[in-house]
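Take a look at the structure below.
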Amino acid sequence: MDVQFIADADGNPQYAVIPYADYFRMLLQTAEYDDENEDDWERIDKESGTDDGVGLPNDVCSIMTYENVSLQAAWRILRGLSQQEVADKLGISQSAVSQLEALDSRPQKRTREKLAAIYGCPQEQISLYFPKEG
């Protein structure tokens, strides 16, 4: 979807302009739901997890959103590092860092620990997915 942002004088986004066809499609989708009648709502039980309450800095979220990159890439960009610099710190190749930064990447525990140390953040802020192991 093509989106154009209109910012205020300080550069803060104030409006999003989208093609009319996309707007109309979204309008039709929302019209299908009657959110006033709670009887039609599906009950979804809450699952508690160890990472409940872990937040992300706004700057990281903004980079992810506006540059369409993964969480790992957003942290790297925020810290002003290149993929090669991160690769050197991890002792791996630049292409391996590129794979770690894929949108569906699920780094292992030891890798998450190393990335957190490099980026100066809690390990829980390195991955949006449950780890494959450990």
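Numbers given in the working numbering equal positions in the sequence shown, counted from 1, plus 392.
Don't be surprised by glycine CBs; every beta carbon is placed ideally from N, CA and C.
Everything numeric in this text was worked out from a predicted model, so none of it was measured.
The C-alpha of E493 lies about 26 Å from the C-alpha of P405.
DSSP places V478 within a helical segment (H, G or I) once states are collapsed to three. With respect to S462, S497 sits close: the two C-beta atoms are nearer than 8 Å.
Counting only the Cα atoms, E516 lies some 24 Å from S485.
DSSP places A399 in the uninterrupted beta strand (DSSP E) bounded by Q396 to A399. Ranked by Cα distance from I510, the options S487, K481, L520 and A488 are led by K481. Shortest Cα-Cα distance from D451 to any of W467, A508 and L507 involves W467. Secondary structure of A509 (DSSP, three-state): helix. When the beta-carbon positions are compared, P514 and A508 come within less than 8 Å of each other.
At a Cβ-Cβ threshold of 8 Å, A465 and A479 do not count as neighbours. Rounded to whole angstroms, the gap between the alpha carbons of G483 and A408 is 42 Å.
By the Cβ-count criterion, M418 is exposed, with fewer than 16 other Cβ atoms from all chains shown falling within 10 Å of its own Cβ. No Cβ-Cβ contact shorter than 8 Å links I455 with L473. By the criterion of a C-beta distance shorter than 7 Å, L520 is surrounded in its chain by L463, once the five residues flanking it on both sides are discounted.
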